[in-house]
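Visitor: Below is the structure I would like to discuss, written out as structure tokens.
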Amino acid sequence: MSPGPPFDRETPALLVKIGRYPQHHGGLGVVRTIGRAGVPVHAVVEDRFTPVAFSRHVTSRFVWPTTGFEEPRELVDALLSIGRAIGSRCIPVPTDDEAAILLAECSDRLAECFVLPPTPSGLPRLLASKASLHGLCEELGVPTPRTRAPENRDELMDAGRELGFPLVLKNRDAWSRLRTPAVCSTTVVRAEQDLLDRYPAGAIPPVLMQEYIPREQAEDWITHLYCGAGGTPRVVFTGLKLRSWPPHAGVTTRAVALNNPCLAKLAGDLCRRIGYSGPADLDWRYDRRDGRYKLVDFNPRTGAQFRLFENVHGIDVVRAMHLDLTGREVPGGPQADGRMFVAGQLDLPSVASWLLHEHRLPPALLSGRETERAWLSRDDPLPVAAEAIRYTGTVARFVRRSLHARFAGRRQESRS
Numbered sequence: 011m012s013p014g015p016p017f018d019r020e021t022p023a024l025l026v027k028i029g030r031y032p033q034h035h036g037g038l039g040v041v042r043t044i045g046r047a048g049v050p051v052h053a054v055v056e057d058r059f060t061p062v063a064f065s066r067h068v069t070s071r072f073v074w075p076t077t078g079f080e081e082p083r084e085l086v087d088a089l090l091s092i093g094r095a096i097g098s099r100c101i102p103v104p105t106d107d108e109a110a111i112l113l114a115e116c117s118d119r120l121a122e123c124f125v126l127p128p129t130p131s132g133l134p135r136l137l138a139s140k141a142s143l144h145g146l147c148e149e150l151g152v153p154t155p156r157t158r159a160p161e162n163r164d165e166l167m168d169a170g171r172e173l174g175f176p177l178v179l180k181n182r183d184a185w186s187r188l189r190t191p192a193v194c195s196t197t198v199v200r201a202e203q204d205l206l207d208r209y210p211a212g213a214i215p216p217v218l219m220q221e222y223i224p225r226e227q228a229e230d231w232i233t234h235l236y237c238g239a240g241g242t243p244r245v246v247f248t249g250l251k252l253r254s255w256p257p258h259a260g261v262t263t264r265a266v267a268l269n270n271p272c273l274a275k276l277a278g279d280l281c282r283r284i285g286y287s288g289p290a291d292l293d294w295r296y297d298r299r300d301g302r303y304k305l306v307d308f309n310p311r312t313g314a315q316f317r318l319f320e321n322v323h324g325i326d327v328v329r330a331m332h333l334d335l336t337g338r339e340v341p342g343g344p345q346a347d348g349r350m351f352v353a354g355q356l357d358l359p360s361v362a363s364w365l366l367h368e369h370r371l372p373p374a375l376l377s378g379r380e381t382e383r384a385w386l387s388r389d390d391p392l393p394v395a396a397e398a399i400r401y402t403g404t405v406a407r408f409v410r411r412s413l414h415a416r417f418a419g420r421r422q423e424s425r426s
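My numbering runs 10 ahead of the 1-based position in the sequence shown.
Put into structure tokens, the structure is as follows:
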């Protein structure tokens, strides 16, 4: 790998998030990659014990717990207060759709303290909404699974019968997933009765229904990229998702970097056509039935597993963003293939689920030398310790709730 370029160490970065997800490895990846480049990096955290707050690469931490119910003006005022406390204009790196939307739509006010990509202000909201993304794909001729956005229960049932079962349910819009979530995460519904049981009342929350592409006939691919002004891609990376949690529908727990020129061109051309500028994480499903890559999600922000990807100059999506927005050249070159990304504490239950249902060991069980671990790092050991403590508490609460529900069900059965 050739030496990396010089970074502007006078322009710090700020990890920005909205909502409560303290166990997010993507934010830790942002802090580490910028900090290792010698750039000061500051972080918004939910509390003092958020794992990323313990990173040796964090220059300062701003405890700012948010819910997504705040008014935009309130959020902007708080961000400006943080920017003024940092003392110099910095580059905000969003790790969720809500933060990306806020930064774009309020860029005029935020420009006082922040250096932002010149993306059209309404574009991140359009891309983050699963319904409007589907409409955009149809307009541009980009393959996508069949999709419906029902407004009431009758439309919900009609859409279920039209798409067929099983089908996929998702939260439709960025902000609604925090305020009125339709599902906890991407959910596969196997039968019509399951749909009826999930939404028994007349009104339904903002939900998106999507055609289910059988996993036996599919491959899950990802593209991470950073685009400069006018949607010009500066770096484009492609990889194959191997496992996720929950299985086949959740966050990536293991993936491998694989050069896919066809997919890279699809993603790059799309960003050029819509003029998107900034970091992005796109999910694609390759459908063997018709031989097409179908766009499933367009996340207009840094993806959780972005550290899977580097080019031969050591440039990932976040480093490319910092170089570009500080007026420096972004070194081109092929991506480093064969790198693997592992989110260990989530990959373990994914492997267990695979064994339970497939009755055999999953592929890529062992990690090679070129493995990027979500938490474990020799030069930054404290975040993984903090995460282990929080993860143990999360598992304990899950077990307690499950046992409580089971015993409550048994008591109900005995009474009847």
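The beta-carbon is built from N, C-alpha and C at its ideal position, and this holds for glycine as well.
If you check the beta carbons only, do residue 274 and residue 233 fall under 8 Å apart?
Guide: For the purposes of this step, residue 274 is taken as the residue at position 264 of the sequence shown. For the purposes of this step, residue 233 is taken as the residue at position 223 of the sequence shown. Cβ distance < 8 Å, so residue 274 and residue 233 count as in contact.
Visitor: Rounded to whole angstroms, what is the Cα-Cα separation between residue 16 and residue 354?
Guide: Taking the first residue of the sequence shown as position 1, residue 16 is located at position 6. Taking the first residue of the sequence shown as position 1, residue 354 is located at position 344. Taking the straight line from one Cα to the other gives about 32 Å.
Visitor: According to DSSP, is residue 317 part of a helix, a strand, or is it coil?
Guide: Residue 317 sits at position 307 when you count from the first residue of the sequence shown. Reduced to three states, the DSSP call for residue 317 is helix.
Visitor: Counting beta carbon pairs with one atom in the region 371–383 and one in the region 49–61, are three or more of them shorter than 8 Å?
Guide: no
Visitor: What number of angstroms, rounded off, separates the C-alpha of residue 38 from the C-alpha of residue 164?
Guide: As a first step, residue 38 must be located in the sequence shown, where it is residue number 28. As a first step, residue 164 must be located in the sequence shown, where it is residue number 154. Approximately 43 Å between the Cα atoms of the pair.
Visitor: Looking at the unbroken beta strand (DSSP E) that takes in residue 227, where does it start and where does it end?
Guide: Translated into positions along the sequence shown, residue 227 becomes position 217. Premise fails: residue 227 is in no beta strand (DSSP E) and is neither H nor E.
Visitor: At the level of alpha carbons, what is the spacing between residue 117 and residue 21?
Guide: By one-based count along the sequence shown, residue 117 stands at place 107. By one-based count along the sequence shown, residue 21 stands at place 11. Residue 117 and residue 21: Cα-Cα distance of roughly 18 Å.
Visitor: When the distance is taken between beta carbons, is residue 135 closer than 8 Å to residue 227?
Guide: Along the sequence shown, one-based indexing puts residue 227 at 217. Along the sequence shown, one-based indexing puts residue 135 at 125. Contact flag unset, no.
Visitor: Where residue 277 and residue 141 are concerned, what is the direct C-alpha to C-alpha distance, given to the nearest angstrom?
Guide: As a working note, residue 277 is residue 267 in the sequence shown. As a working note, residue 141 is residue 131 in the sequence shown. Approximately 19 Å, taken between the alpha carbons.
Visitor: Between the region 167–179 and the region 198–214, do three or more beta carbon pairs fall short of 8 Å?
Guide: yes
Visitor: Excluding five sequence neighbours on each side, which residues of the same chain lie with their C-beta closer than 7 Å to the C-beta of residue 372?
Guide: As a position in the sequence shown, residue 372 is number 362, starting the count at 1. Closer than 7 Å at the Cβ level, and outside the excluded window around residue 372, lie 253, 361 and 364.
Visitor: Okay, do the region 137–152 and the region 291–310 touch, 3+ Cβ pairs below 8 Å being the bar?
Guide: yes
Visitor: Taking the straight line between their C-alpha atoms, what separation do you get for residue 317 and residue 245?
Guide: The residue you call residue 317 lines up with position 307 of the sequence shown. The residue you call residue 245 lines up with position 235 of the sequence shown. Residue 317 and residue 245: Cα-Cα distance of roughly 13 Å.
Visitor: Report the option in 188, 184, 186 and 166 whose CA atom is closest to the CA atom of residue 178.
Guide: Counting from 1 along the sequence shown, the entry for residue 178 is found at position 168. Closest by alpha carbon: 166.
Visitor: If you draw a straight line from the C-alpha of residue 241 to the C-alpha of residue 46, how long is it?
Guide: Walking along the sequence shown from the start, residue 241 turns up at place 231. Walking along the sequence shown from the start, residue 46 turns up at place 36. If I take the Cα positions, the gap works out to 28 Å.
Visitor: Which residues in the same chain as residue 32 place their Cβ atom closer than 6 Å to its Cβ, once the five residues preceding and following it in sequence are excluded?
Guide: Taking the sequence shown and counting its residues from 1, the one referred to as residue 32 is at position 22. 56 and 60.
Visitor: Spell out the partners DSSP gives residue 385 in its beta bridges.
Guide: For the purposes of this step, residue 385 is taken as the residue at position 375 of the sequence shown. The partner list for residue 385 (beta bridge, DSSP) is empty, contrary to what the question assumes.
Visitor: Could you tell me which residues DSSP puts in a beta bridge with residue 104?
Guide: Along the sequence shown, one-based indexing puts residue 104 at 94. Residue 104 is bridged to 26.
Visitor: Taking C-beta to C-beta, are residue 87 and residue 29 nearer than 8 Å?
Guide: Here residue 87 is taken as the residue at index 77 of the sequence shown, counted from 1. Here residue 29 is taken as the residue at index 19 of the sequence shown, counted from 1. No. Outside cutoff.
Visitor: Less than 8 Å between the CB atoms is what I'm expecting for residue 235 and residue 281, so what's the real figure, rounded?
Guide: Residue 235 sits at position 225 when you count from the first residue of the sequence shown. Residue 281 sits at position 271 when you count from the first residue of the sequence shown. 7 Å between Cβ atoms; contact.
Visitor: Along the chain, where does the alpha helix (DSSP H) that runs through residue 142 open and close?
Guide: Along the sequence shown, one-based indexing puts residue 142 at 132. Counting along the chain, the alpha helix (DSSP H) containing residue 142 begins and ends at 140–150.
Visitor: Report, in whole angstroms, the separation of the C-beta atoms of residue 384 and residue 35, which I expect to be a contact under 8 Å.
Guide: Mapped onto the sequence shown, residue 384 falls at position 374. Mapped onto the sequence shown, residue 35 falls at position 25. That belief holds up - the Cβ atoms of residue 384 and residue 35 are roughly 4 Å apart, short of 8 Å.
Visitor: Just verifying my parser: in three-state terms, what is the DSSP assignment at residue 18?
Guide: On the sequence shown, residue 18 is found 8 positions in, with the first residue counted as 1. If DSSP states are grouped into helix, strand and coil, residue 18 belongs with coil.
Visitor: Could you tell me the distance, in whole angstroms, from the CA atom of residue 230 to the CA atom of residue 97?
Guide: Sequence index remark: in the sequence shown, residue 230 carries index 220 (1-based). Sequence index remark: in the sequence shown, residue 97 carries index 87 (1-based). The straight-line gap from Cα to Cα measures roughly 43 Å.
Visitor: Which residues does DSSP list as the beta-bridge partners of residue 52?
Guide: Your numbering for residue 52 matches position 42 in the sequence shown. Answer is 24 and 70, bridged to residue 52.
Visitor: Report all residues from its chain with a CB closer than 8 Å to the CB of residue 182; omit the five preceding and five following residues, and keep chain order.
Guide: Within the sequence shown, numbered from 1, the residue matching residue 182 stands at position 172. For residue 182, where only same-chain residues beyond five positions count, the Cβ hits under 8 Å are 139, 140, 141, 159, 192, 216, 217 and 218.
Visitor: How should residue 392 be labelled, buried or exposed, when 16 other C-beta atoms within 10 angstroms of its C-beta is the threshold for buried?
Guide: By 1-based counting over the sequence shown, the position of residue 392 is 382. Exposed, because fewer than 16 other Cβ atoms sit within 10 Å of the Cβ of residue 392.
Visitor: Quick check on the burial criterion: 16 or more other C-beta atoms within 10 angstroms. Buried or exposed for residue 50?
Guide: Here residue 50 refers to the residue found at position 40 when the sequence shown is read from its first residue. Its Cβ being crowded by 16 or more others within 10 Å, residue 50 is buried.
Visitor: Which value, in whole angstroms, describes the spacing of the CA atoms of residue 398 and residue 356?
Guide: Against the sequence shown, residue 398 aligns to sequence position 388. Against the sequence shown, residue 356 aligns to sequence position 346. Their Cα atoms are separated by approximately 12 Å.
Visitor: DSSP state of residue 12, grouped into three classes?
Guide: As a first step, residue 12 is located in the sequence shown; it is residue number 2 there, counting from the start. Interpretation of residue 12 is limited by its pLDDT of 49, a score under 50 that renders its predicted location unreliable; no figure is taken from the coordinates.
Visitor: The alpha helix (DSSP H) that contains residue 279, what's its start and end?
Guide: Here residue 279 refers to the residue found at position 269 when the sequence shown is read from its first residue. Per DSSP, residue 279 belongs to the alpha helix (DSSP H) from 271–284.
Visitor: Just curious, the beta strand (DSSP E) that residue 334 is in, first and last residue?
Guide: Reading the sequence shown from its first residue, position 324 is the one you call residue 334. Not the beta strand (DSSP E): residue 334 falls in the alpha helix (DSSP H), residues 327–335.
Visitor: If we ignore side chains and look at the alpha-carbon of each, how far apart do residue 26 and residue 157 end up?
Guide: In the sequence shown, counting from the first residue as 1, residue 26 sits at position 16. In the sequence shown, counting from the first residue as 1, residue 157 sits at position 147. Distance between the alpha carbons of residue 26 and residue 157 is about 31 Å.
Visitor: Let's test the definition: count the other Cβ atoms within 10 Å of the Cβ of residue 112 and tell me whether it reaches 16, buried, or not, exposed.
Guide: In the sequence shown, residue 112 corresponds to position 102, counting from 1. Looking at its Cβ environment, which holds 16 or more other Cβ atoms inside 10 Å, residue 112 is buried.
Visitor: Identify, in the order they occur along the chain, each residue of the same chain with its Cβ nearer than 7 Å to the Cβ of residue 222, setting aside the five sequence neighbours on each side.
Guide: Position 212 of the sequence shown, counted from the first residue, corresponds to residue 222. So the list reads 176, 177, 178 and 198, once near-sequence residues are dropped.
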